[in-house]
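Undergrad: The structure is given below, and queries will be raised subsequently.
In my numbering, the protein residues as written are 4 to 148.
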């Protein structure tokens, strides 16, 4: 194996650095000045929580939990709480789409409005029955262990 001279090493390091800069440029990443100089912060796609519920059911679940104050972001301001809850769901969950695959939630405000509206009361009652059935099965599983 040939020994590398300091001059050759310097050229190799500059070439490597240029390639890294080009790679970062392609990915939109940058060296972080706030962390370890050797560390490169790369944007990793955010992992989202998947659901077997469709978009309407997922909205109903979270709306009920929010409306009953089981989950909340702001228990003093209802409008802020709803807005933050919707944003949280949109950023962190996927739903079971019509084609049987997981779909990112673009916006869930329409489904939240439907969950609140009295005109969709029958749909909400059917969903509540579904949730109650799941919880009762869970209760039975635990009770008979």
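Virtual Cβ for every residue (Gly too), placed ideally from N, Cα, C.
Which residue marks the beginning of the alpha helix (DSSP H) containing residue 91, and which one marks its end?
TA: Where residue 91 is concerned, the enclosing alpha helix (DSSP H) stretches over 81 to 95.
Undergrad: Would you call the region 56 to 67 and the region 98 to 105 touching, i.e. three or more CB-CB distances under 8 Å?
TA: yes
Undergrad: I need the DSSP call for residue 56, collapsed to helix, strand or coil.
TA: coil
Undergrad: For the pair the region 80 to 97 and the region 133 to 145, tell me if three or more CB-CB distances fall below 8 Å.
TA: With a cut-off of 8 Å on Cβ pairs, the region 80 to 97 is not in contact with the region 133 to 145, counting fewer than three such pairs.
Undergrad: My output table needs one value for residue 73: the three-state DSSP class, helix, strand or coil.
TA: coil
Undergrad: Could you have a look at residue 99 and say whether DSSP puts it in helix, strand or coil?
TA: strand
Undergrad: Between which two residues does the alpha helix (DSSP H) containing residue 145 stretch?
TA: 124 to 146
Undergrad: Quick one: is residue 89 buried, meaning 16 or more other Cβ sit within 10 Å of its Cβ, or exposed?
TA: Buried is the call here.
Undergrad: Just grab the DSSP bridge partners of residue 105 for me.
TA: 99
Undergrad: Mark residue 68 as exposed unless 16 or more other C-beta atoms lie within 10 angstroms of its C-beta, in which case mark it buried.
TA: exposed
Undergrad: Once DSSP output is grouped into helix, strand and coil, what is the label at residue 111?
TA: coil
Undergrad: Report yes if the C-beta distance between residue 105 and residue 54 is below 9 Å; otherwise report no.
TA: Yes. Within cutoff.
Undergrad: Return the residue from the list 65, 18, 13 that minimises the CA-CA distance to residue 112.
TA: Here the closest residue by C-alpha is 65.
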